[in-house]
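Reviewing the structure listed below.
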Amino acid sequence: MSYTKRVLIAEDSSVIQNLARKILEFQHYEITSVKNGEQVLQLLEKEDFDIILLDINMPVMDGMECARSIRKLSDEKKAKTPIVAITGNAKNYSEEDFKDAGFDDALMKPLNFDRLVEVVAHLTE
Numbered sequence: 001m002s003y004t005k006r007v008l009i010a011e012d013s014s015v016i017q018n019l020a021r022k023i024l025e026f027q028h029y030e031i032t033s034v035k036n037g038e039q040v041l042q043l044l045e046k047e048d049f050d051i052i053l054l055d056i057n058m059p060v061m062d063g064m065e066c067a068r069s070i071r072k073l074s075d076e077k078k079a080k081t082p083i084v085a086i087t088g089n090a091k092n093y094s095e096e097d098f099k100d101a102g103f104d105d106a107l108m109k110p111l112n113f114d115r116l117v118e119v120v121a122h123l124t125e
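In terms of UniProt numbering, the sequence shown opens at residue 1 and continues consecutively.
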């Protein structure tokens, strides 16, 4: 039996955070949620995750800066953790911007929850 995949969700909207949590828990993922990029980096010092979902616009440290910081971590396993952008203003960024920041994929708001499950499953295989 395979172990439960761990998902870290960084999203300052409680509504989106809770919906994503419920959908992914229903798919048997273990969910940890935080409100900003700084909290993501603090958690990564102590824990491992199979995938990170990062909102682009968050207080303290945004998703772009956080993704770049994760990619620079000295722990190679953590630095290679799949990262998915969650954004409500995709027009402000190109696919290239997300790739340059280190994202593996991007999801647009309003979230398509079927696509969320699909992307998480694909990147945690």
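A virtual CB, placed ideally from N, CA and C, is assigned to each residue, including glycine.
Model, not experiment: these values are computed from the prediction.
For residue i, count neighbouring Cβ atoms within 10 angstroms of its own Cβ and tell me buried if that reaches 16, exposed if not.
i	result
F103	buried
D75	exposed
residue 127	This structure does not reach residue 127, given that the chain is present from 1 up to 125, and the question cannot be answered.
Quick check: the Cα distance between residue i and residue j, rounded to an integer number of angstroms?
i	j	result
residue 126	Q27	No answer is possible for residue 126: the residues shown for the chain start at 1 and end at 125.
M1	K77	Only weak support is given to the placement of M1: the predicted model assigns it a pLDDT of 49, under 50, and the value that follows is read from those uncertain coordinates. The alpha-carbon atoms of M1 and K77 are separated by roughly 23 Å.
E96	D62	17 Å
E125	F113	18 Å
A90	N57	11 Å
R71	E118	23 Å
L107	L73	24 Å
L123	D12	23 Å
A10	S94	21 Å
V120	Q17	15 Å
V15	K109	12 Å
DSSP puts residue i in a beta bridge; with which residues?
i	result
M64	In the DSSP output, where bridge partners are listed per residue, M64 has none listed.
E30	R6
T87	M108
residue 139	Residue 139 lies beyond the residue range present for the chain, which begins at 1 and ends at 125; the question has no answer from this structure.
Flag this pair as yes or no: are the beta carbons of residue i and residue j separated by less than 8 Å?
i	j	result
L41	T32	no
D48	R21	no
E25	T4	no
Any contact between the segment 56-75 and the segment 29-46? By contact I mean 3 or more CB pairs, one from each, below 8 Å. yes
Is the segment 42-55 close to the segment 69-86, with three or more CB pairs under 8 Å? yes
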